[in-house]
Amino acid sequence: MLGAAAAIGLPVPAVITHESRRSRGFFVMEKVSGMIPLPGTVSRLIPDPARREDLGRQVARAMARLHGADPDSLGLTCLGVVPDAARTGAVENATWTRRYHEVADIRIPVLDLALAWLEHRPDRLGRRTSRRRLCAHRKLGP
């Protein structure tokens, strides 16, 4: 994933080593200077409004580059075949429900409810999916 991000010009740290055979695995990555201000700390860490605006524009440009990338050109065969558009939502919900159950030490009731709601309403899944493949990501922040 990091190699694909770097290939489209996104700034990524180098991976020094990684271990994937353990239950959760780990990465050791190069240290990158700077900070990651989160919504609750950005005004304190970057008090200058002009600098915050510039940072916001940098993030927006990076996200636009990521979302505009053609997944087929990134060599991400490890992610498998994209399911049929009509079933994408159901497949994704099942995948993320399974992963959540594998790693959640403490269950999150609102997430349990949302996943169950989606599972029992297949009419709401896949109805609005595009036939265009695109790159997506986890939310920024904690």
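In UniProt numbering, the protein residues as written are 1 to 142. Note that the Cβ used here is the ideal one computed from N, Cα and C, for glycine as well.
Mapping the DSSP letters down to three states, classify residue i as helix, strand or coil.
i       : result
Glu-19  : strand
Pro-142 : For Pro-142, the predicted model reports a pLDDT of 48, less than 50, meaning its position is unreliable; a value from the coordinates is still stated below. Three-state DSSP puts Pro-142 in coil, outside helix and strand.
Val-110 : helix
Pro-39  : coil
Pro-71  : helix
Val-12  : coil
Arg-121 : coil
Are the beta-carbon atoms of residue i and residue j separated by less than 8 Å?
i      : j       : result
Thr-95 : Leu-115 : no
Ala-1  : Ile-16  : The identity of residue 1 in the sequence shown is Met, whereas the question assumes Ala. No, Cβ-Cβ distance for Met-1 and Ile-16 is not below 8 Å.
Ile-8  : Ala-64  : no
Asn-93 : Glu-119 : yes
Leu-10 : Leu-55  : no
What are the boundary residues of the alpha helix (DSSP H) that residue i is part of?
i      : result
Met-63 : 49-68
Val-81 : Premise fails: Val-81 is in no alpha helix (DSSP H) and is neither H nor E.
Val-91 : 88-103
Val-28 : Val-28 -> not in any alpha helix (DSSP H); beta strand (DSSP E) instead, spanning 26-29.
Val-32 : Careful: Val-32 lies outside any alpha helix (DSSP H) and carries neither H nor E.
Leu-2  : 2-7
Hey, does residue i have any beta-carbon neighbour from chain B nearer than 8 Å?
i      : result
Arg-61 : Here there is only one protein chain, and chain B is not present.
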